[in-house]
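Asks:
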Amino acid sequence: MAWDLTSLRDRIERWNGSSIEEDLSRYQPGLSQIGQLETEMRNLEDFALRERSSDLRRRARADEAEPEFVVEAFALVREASRRALEMRPFDVQVLAGLALHEGHLVEMATGEGKTLAAVMPAYLAGLSGKGVHVLTFNDYLARRDAEWMGPIYRFLGSSVGWVEEGMSVRDRRAAYACDVTYVTAKEAGFDLLREHLAREPEEIVHRPFHFAIVDEADSILIDEARVPLVIAGRAADAGLPDASAVGIAELVHGLERGRDWATDEYERNVELTDDGIARVESLIDRGNLLSSANLELLTEINCALHATHLLHRDVDYIVREGRIRLVDEFTGRVVEDRHWPDGLQAALEAKEKLERRPGGRILSSITLQDYLRLYPRLSGMTATARPAAGELKSCYGLDVVVIPPNRPSIRLDELDHVFTHRAAKHAALVAEIARVHEQGRPILVGTASVEESEELVGLLREVGVHCQVLNARNDAKEATIVAEAGALGAVTISTNMAGRGTDIKLGGAAEQDHEAVVDLGGLCVIGTNRHESLRIDQQLRGRAGRQGDPGTSRFFVSLEDPLIVRYGVNDLIPAKIYPRPQQEALENPFIRHEIARAQRIIEGQNAEIRNTLNHYSKLLEEQRRAVYRERRTWLERRAPGRLRERSSERYQSLAKDLGEDYLAEAERRIVLFHLDRAWSRHLARAADIREGIHLRKIGGDDPLVEFTRAVADSFREMRLEVESEIVKTFESIEARAGGVDLEALGLAGPTSTWTYLVNDDPFRDQLATALGGNVGVGVAAAALAGPFWIASTAYQYFRRRRRQPSR
352 MAWDLTSLRD
362 RIERWNGSSI
372 EEDLSRYQPG
382 LSQIGQLETE
392 MRNLEDFALR
402 ERSSDLRRRA
412 RADEAEPEFV
422 VEAFALVREA
432 SRRALEMRPF
442 DVQVLAGLAL
452 HEGHLVEMAT
462 GEGKTLAAVM
472 PAYLAGLSGK
482 GVHVLTFNDY
492 LARRDAEWMG
502 PIYRFLGSSV
512 GWVEEGMSVR
522 DRRAAYACDV
532 TYVTAKEAGF
542 DLLREHLARE
552 PEEIVHRPFH
562 FAIVDEADSI
572 LIDEARVPLV
582 IAGRAADAGL
592 PDASAVGIAE
602 LVHGLERGRD
612 WATDEYERNV
622 ELTDDGIARV
632 ESLIDRGNLL
642 SSANLELLTE
652 INCALHATHL
662 LHRDVDYIVR
672 EGRIRLVDEF
682 TGRVVEDRHW
692 PDGLQAALEA
702 KEKLERRPGG
712 RILSSITLQD
722 YLRLYPRLSG
732 MTATARPAAG
742 ELKSCYGLDV
752 VVIPPNRPSI
762 RLDELDHVFT
772 HRAAKHAALV
782 AEIARVHEQG
792 RPILVGTASV
802 EESEELVGLL
812 REVGVHCQVL
822 NARNDAKEAT
832 IVAEAGALGA
842 VTISTNMAGR
852 GTDIKLGGAA
862 EQDHEAVVDL
872 GGLCVIGTNR
882 HESLRIDQQL
892 RGRAGRQGDP
902 GTSRFFVSLE
912 DPLIVRYGVN
922 DLIPAKIYPR
932 PQQEALENPF
942 IRHEIARAQR
952 IIEGQNAEIR
962 NTLNHYSKLL
972 EEQRRAVYRE
982 RRTWLERRAP
992 GRLRERSSER
1002 YQSLAKDLGE
1012 DYLAEAERRI
1022 VLFHLDRAWS
1032 RHLARAADIR
1042 EGIHLRKIGG
1052 DDPLVEFTRA
1062 VADSFREMRL
1072 EVESEIVKTF
1082 ESIEARAGGV
1092 DLEALGLAGP
1102 TSTWTYLVND
1112 DPFRDQLATA
1122 LGGNVGVGVA
1132 AAALAGPFWI
1142 ASTAYQYFRR
1152 RRRQPSR
């Protein structure tokens, strides 16, 4: 008897609770039926196909849910794609579509056609008239995919639109009203936050959520998911004096490492030492730095320490057009609307001697993770789902379905070259790139930072190798550069390839030299560092070997790389085998094994951080939903009468003078204003509580339990505050000719609002991590005990007291 080992392993894993499915046999009957119906449809005229689509839409909107809907819809899309785009979905793309329809997360290798696979379930779900969102990684992909796949939808009578930054409310409403809407998860989330401030129903752009298909799902659902989306408004009293911030930046720059300040073992946190505190006190002449009078000053100094010593230009951010632009660690792109929280952003601007941007107050916020959970149905697709399968299952209930490539992959993934120091690694990199380039074979080099990419470009120029550079400085040229990365003789240096969305075709975009590149061995992918996540490494590797093409991948690593140094991988190597500096690559497999093990440990720690943050956000998200439901009721004029009950005599008097309709409108605006202001204050209080709650563990309390209790109490206070302020404002209304001057009552909204993302502060709550028992940080926390306890408490508290989002 012949055993299918893959199928057997899959069954065993599923019996043991695995969330990864590789056995696709249960989808085969559906695939067969779709193929049979497609053959029948091929003989129909275009108008006949459209009539079948119209009939299917009518039945779907009448809630006539029938099993054959799936088969007929998928067969229609397959035939329409062949006619409209001359692209017939492969069987594996149909299988992926079936898995997406069932609400799974599909893993498909890079270049296997995820965009087309998503059209089938999107078209089917869109027939109901409830709308489908295809959530892309960036605005460029939203527009490109909508325009690219649009002919299929329109051929079948479905509408398709896209949303991008800068669109008007009218255009957004039109796009969301389509059967299928392509939009970034970030922009869709910001639209929800803007609705939190709407004063009229016409400002609401979203329909009730129905179904979302997430592209680059692991990047959006895992890497980006804990990033808070924020909408902020102008606050007149926000901001620090520029002279003060610049002076502190200069003071911190003159402090000496080891003597005046120290970092933890992972270089994620930095604090003044005892000697540093004494030195600062002598320089600024403000007395005891740890006294209550100097707490805000201490906060500014800590922020300046972080900005000066732990945030690096051309690695963590770049300076463009006189502004700080953050570089996304996963994609290497500039994120235009993201900044670090609170005083850290101001400290960076002072460090770079840039104009200080105006501040404001947070009006509303939601994490991408919580936003994505608003969809009753959710599915996704990516090339690298398996490493994150457990987290995807626990956070979103998504099982991973692995789709085999249309053609078997023949890419060769070679063992890492590991070197003792960076100079040796770079010398080997340059030699390898020059050797392969001389053959005419295209090369894609993935670096970890802008700084390293430009350093490597300089070294390559010295040996006569010309290359294209894709990093945060020129990301606007991204599509053009990536499209030609497979051309004969091309050398492309990229900071990261995650979510690029453009296939690298051998021979160039037009594939004119395809066979010549194939004969040379296909695309050669080289990584200059291992990343914190194995998925990012795999995304880089996946650029080679597209659709059965040949290709190779290899990483060049040194024991001086940031990942190795930050996480102490060197300490894992026994002294007796620790290598002396040498130019040649190390051959000891134990060292490669320890690097891989450290990467797995880091991924586990990051997953645990995300899980912890998720626990802390649950209650706030429940509260946000409750406030938003109440707000929508008032916005849509479905809840008048509260003031009639609470202040009946005053209400009757004003109604007589002003009229019931006018008074009802005034009541609506009063309620919306106070609800919004109270929610903003509650968010600030919750943030303050969150910052210091870890210290409750010292007394034996559970920080999460205490946080939940405190935030629940704050929410109850918020509701009482709203009721009190509404009645107080109402009682102060005076009837006069022309009605009520609500602006004079202080009910004006913010003069301007803006949206941004708060970058996860990598330096926050290190003490909390130590107290939580995580391995490795405890030693650092112990070493920083003493003044650190006082400084940390003050620092965390005042950072939240001075929240100043930069525009």
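Counting in our numbering, the sequence shown runs from 352 upward without gaps.
We put the beta carbon where it would ideally sit given N, CA and C, even for glycine.
1) Could you tell me whether the region 773 to 784 touches the region 457 to 477, where touching means 3 or more Cβ pairs closer than 8 Å?
2) Where does Thr390 land, buried or exposed, given buried means 16+ other C-beta within 10 angstroms?
3) What is the rounded straight-line gap between the Cα of Pro579 and the Cα of Ala1038?
4) Would you tell me roughly how many angstroms separate the C-alpha atoms of Arg1115 and Val621, rounded to the nearest one?
5) Are Thr820 and Val808 touching if we call contact CB-CB under 7 Å?
6) Assess, as a yes-or-no matter, whether the region 566 to 576 is touched by the region 731 to 746 under the definition of 3 or more beta carbon pairs within less than 8 Å.
7) For the region 725 to 760, which segments carrying the beta strand (DSSP E) assignment without a break, of at least 3 residues, lie completely within its bounds, in sequence order?
8) Taking the C-alpha atoms as reference points, what is the distance between Glu835 and Pro759?
9) Please report how far the alpha carbon of Ile960 lies from the alpha carbon of Tyr967, in whole angstroms.
10) According to the Cβ coordinates, are Asp496 and Thr461 closer than 7 Å?
11) For Leu634, is the classification buried or exposed, using 16 other Cβ atoms within 10 angstroms of its Cβ as the cut-off for buried?
12) When DSSP labels each residue in this structure, what does Ala774 get in the three-state scheme?
13) Starting from His484, trace the beta strand (DSSP E) both ways and give me its first and last residue.
14) Please state the DSSP three-state secondary structure of Gln387.
15) Just to confirm, are Leu810 and Cys818 a CB contact at a threshold of 7 Å?
16) Does the Cβ-Cβ distance between Val842 and His768 come in under 7 Å?
17) Can you tell me where the beta strand (DSSP E) holding Tyr668 begins and where it ends?
18) Is it true that the CB of Lys704 sits closer than 7 Å to the CB of Ala658?
19) Can you tell me where the alpha helix (DSSP H) holding Glu802 begins and where it ends?
20) Considering only residues of the same chain and omitting the five flanking positions on each side of Gly512, which have a CB-CB separation below 7 Å?
21) Is the region 896 to 903 touching the region 864 to 881 in the sense that three or more CB pairs, one from each, lie closer than 8 Å?
22) In whole angstroms, what is the alpha-carbon distance linking Val556 and His547?
23) Is it right to say Ser376 is buried, meaning 16 or more other beta carbons lie within 10 angstroms of its own, or is it exposed?
24) Tell me where the alpha helix (DSSP H) around Leu1084 begins and ends.
25) Out of Asn965, Ile628, Arg917 and Glu417, point me to the one whose CA is closest to Gln950's CA.
26) Quick one: give me the first and last residue of the alpha helix (DSSP H) that Val820 is part of.
27) I'd like the span of the beta strand (DSSP E) that includes Glu417, first residue to last.
28) Going by DSSP, which residues form a beta bridge with Ile952?
29) Here's the rule I'm using: 16 or more other beta-carbon atoms within 10 Å means buried, otherwise exposed. How should Glu829 be labelled?
30) With the cut-off set at 7 Å, would you say Asp764 and Ser595 are in Cβ contact?
31) Using beta-carbon positions only, say whether Val457 and Leu449 come within less than 7 Å of one another.
32) Helix, strand or coil for Gly584 per DSSP?
33) What three-state label does DSSP hand Glu312 in the structure shown?
34) Are there 16 or more other CB atoms within 10 angstroms of the CB of Asp611, so buried, or fewer, so exposed?
35) Quick test of your reading: Leu407 and Ala424, contact by CB under 8 Å. State the CB separation rounded to the nearest angstrom.
Replies: With the structure as the only source:
1) Judged by pairs of C-beta atoms under 8 Å, the region 773 to 784 does not touch the region 457 to 477, as fewer than three such pairs exist.
2) Taking the first residue of the sequence shown as 1, we reach residue 390 at position 39. Taking every protein chain shown into account, the CB of Thr390 has fewer than 16 other CB atoms within 10 angstroms, so this residue is exposed.
3) In the sequence shown, counting from the first residue as 1, residue 579 sits at position 228. In the sequence shown, counting from the first residue as 1, residue 1038 sits at position 687. About 12 Å.
4) Position 764 of the sequence shown, counting from 1, holds the residue named residue 1115. Position 270 of the sequence shown, counting from 1, holds the residue named residue 621. Per-residue confidence for Arg1115 stands at a pLDDT of 40, beneath the threshold of 50, marking its modelled position as unreliable; the derived number appears in the next sentence. Their Cα atoms are separated by approximately 10 Å.
5) As a position in the sequence shown, residue 820 is number 469, starting the count at 1. As a position in the sequence shown, residue 808 is number 457, starting the count at 1. According to the sequence provided, residue 820 is Val. The question's Thr does not apply to it. Val820 places its beta carbon less than 7 Å from that of Val808.
6) Between the region 731 to 746 and the region 566 to 576 there are three or more inter-stretch CB-CB distances shorter than 8 Å, so the stretches are counted as touching.
7) Under the rule that a run must span 3 or more residues, the beta strand (DSSP E) segments found entirely inside the region 725 to 760 read 728 to 733 and 751 to 753.
8) Your numbering for residue 835 matches position 484 in the sequence shown. Your numbering for residue 759 matches position 408 in the sequence shown. If you draw a straight line from the Cα of Glu835 to the Cα of Pro759, it comes to about 24 Å.
9) On the sequence shown, position 609 is the one that residue 960 refers to. On the sequence shown, position 616 is the one that residue 967 refers to. Whole-angstrom Cα-Cα distance: 11 Å.
10) The residue you call residue 496 lines up with position 145 of the sequence shown. The residue you call residue 461 lines up with position 110 of the sequence shown. The Cβ-Cβ distance between Asp496 and Thr461 does not fall below 7 Å.
11) On the sequence shown, position 283 is the one that residue 634 refers to. The residue is exposed, with fewer than 16 neighbouring Cβ atoms inside 10 Å.
12) Taking the sequence shown and counting its residues from 1, the one referred to as residue 774 is at position 423. Of the three classes helix, strand and coil, the one that applies to Ala774 here is helix, per DSSP.
13) One-based indexing of the sequence shown puts residue 484 at position 133. Element bounds for His484: Val483 to Thr487.
14) Looking up residue 387 in the sequence shown gives position 36. Gln387: helix per DSSP, three-state reduction.
15) Mapped onto the sequence shown, residue 810 falls at position 459. Mapped onto the sequence shown, residue 818 falls at position 467. For Leu810 and Cys818, no; Cβs fall outside 7 Å.
16) Locating residue 842 in the sequence shown gives position 491, where the first residue counts as 1. Locating residue 768 in the sequence shown gives position 417, where the first residue counts as 1. Between Val842 and His768, the C-beta gap is not smaller than 7 Å, which leaves the two residues out of contact.
17) The residue labelled residue 668 in the question sits at position 317 within the sequence shown. Here the beta strand (DSSP E) through Tyr668 covers Tyr668 to Arg671.
18) Locating residue 658 in the sequence shown gives position 307, where the first residue counts as 1. Locating residue 704 in the sequence shown gives position 353, where the first residue counts as 1. Not in contact: Ala658 and Lys704 (Cβ atoms no closer than 7 Å).
19) As a position in the sequence shown, residue 802 is number 451, starting the count at 1. In this chain, the alpha helix (DSSP H) harbouring Glu802 covers Val801 to Glu813.
20) In the sequence shown, residue 512 corresponds to position 161, counting from 1. Around Gly512: Ala497, Ala525, Ala526, Cys529 and Thr532.
21) Touching, yes.
22) Taking the sequence shown and counting its residues from 1, one reaches residue 556 at position 205. Taking the sequence shown and counting its residues from 1, one reaches residue 547 at position 196. Between Val556 and His547, the alpha-carbon positions lie close to 11 Å from each other.
23) In the sequence shown, counting from the first residue as 1, residue 376 sits at position 25. By the 10 Å Cβ count, Ser376 comes out exposed.
24) Residue mapping note: residue 1084 aligns to position 733 of the sequence shown, counting from 1. Here residue 1084 turns out to be Ile, not Leu, going by the sequence shown. Premise fails: Ile1084 is in no alpha helix (DSSP H) and is neither H nor E.
25) Along the sequence shown, one-based indexing puts residue 950 at 599. Of the candidates Asn965, Ile628, Arg917 and Glu417, the one whose C-alpha sits nearest the C-alpha of Gln950 is Arg917.
26) As a working mapping, residue 820 is identified with position 469 in the sequence shown. The continuous stretches of alpha helix (DSSP H) do not include Val820, which lies in the beta strand (DSSP E) extending over residues Gln819 to Leu821.
27) As a first step, residue 417 must be located in the sequence shown, where it is residue number 66. Where Glu417 is concerned, there is no enclosing beta strand (DSSP E), because DSSP gives it neither an H nor an E.
28) The sequence position of residue 952 within the sequence shown is 601, counting from 1. Ile952 pairs with nothing; no bridge assigned.
29) Counting from 1 along the sequence shown, the entry for residue 829 is found at position 478. Burial call: buried.
30) By one-based count along the sequence shown, residue 764 stands at place 413. By one-based count along the sequence shown, residue 595 stands at place 244. Contact: no.
31) Translated into positions along the sequence shown, residue 457 becomes position 106. Translated into positions along the sequence shown, residue 449 becomes position 98. Between Val457 and Leu449, the gap from beta carbon to beta carbon reaches 7 Å or more.
32) The sequence position of residue 584 within the sequence shown is 233, counting from 1. DSSP places Gly584 in strand when its eight states are reduced to three.
33) Look at the range of the chain in this structure, 352 to 1158, and you will see that residue 312 is not part of it.
34) Within the sequence shown, residue 611 is the residue found at index 260, counting from 1. Buried: at least 16 other Cβ atoms inside 10 Å.
35) Start at 1 with the first residue of the sequence shown, and residue 407 comes out as number 56. Start at 1 with the first residue of the sequence shown, and residue 424 comes out as number 73. The beta carbons of Leu407 and Ala424 sit about 6 Å from each other, so the pair counts as a contact at 8 Å.
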